[in-house]
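Residue numbers (this note's numbering): -6 to 89.
Don't be surprised by glycine CBs; every beta carbon is placed ideally from N, CA and C.
Working notes, beginning with the structure itself.
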Amino acid sequence: MSRLLLLAAIGIIAYRWITGRWPWQKRISTRAQAVFNARKLLGVGANASKSDIIVAHKRLVAMVHPDRGGTSGQVHEANDARDLLFEELPGDSDPS
């Protein structure tokens, strides 16, 4: 019995080491993770409206613009986050 428990524990630890999560943890989709990261980057919540996203995007771009000491990569990242969150808005797929 103790050998079985030991093998189970080793198997679980090996699974964690290989996959980076515990077997009982729910797998988060890549898209969901990207949306979470976009919301975190722009500092908006899950129920943010289009205008909230626009305001947050403008605020972030003003901070990371190359003229203000940021990089063009940071601006592109902010733009990608905005575009992704626009795609996630219910019933509105037009980002303009």
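Go ahead and label residue i buried or exposed: buried means 16 or more other beta carbons lie within 10 angstroms of its beta carbon, across all protein chains shown.
| i | result |
| --- | --- |
| residue 34 | buried |
| residue 50 | buried |
| residue 32 | buried |
| residue 1 | exposed |
| residue 25 | exposed |
| residue 7 | exposed |
| residue 55 | exposed |
Between which two residues does the alpha helix (DSSP H) containing residue i stretch?
| i | result |
| --- | --- |
| residue 6 | -5 to 12 |
| residue 82 | Run containing residue 82: none; DSSP gives neither H nor E here. |
| residue 28 | 23 to 35 |
| residue 43 | 43 to 57 |
Going by CA-CA distance only, name the one from the options that's closest to residue i.
| i | options | result |
| --- | --- | --- |
| residue 79 | -2, 27, 55 and 59 | 27 |
| residue 36 | 22, 15, 52 and 23 | 52 |
| residue 72 | 61, 62, 81 and 47 | 47 |
Suppose you measure from the CA of residue i to the CA of residue j; what does that come to, to the nearest Å?
| i | j | result |
| --- | --- | --- |
| residue 59 | residue 83 | 33 angstroms |
| residue 45 | residue 74 | 13 angstroms |
| residue 43 | residue 3 | 48 angstroms |
| residue 68 | residue 39 | 22 angstroms |
| residue 17 | residue 11 | 14 angstroms |
| residue -2 | residue 19 | 23 angstroms |
| residue 9 | residue 15 | 5 angstroms |
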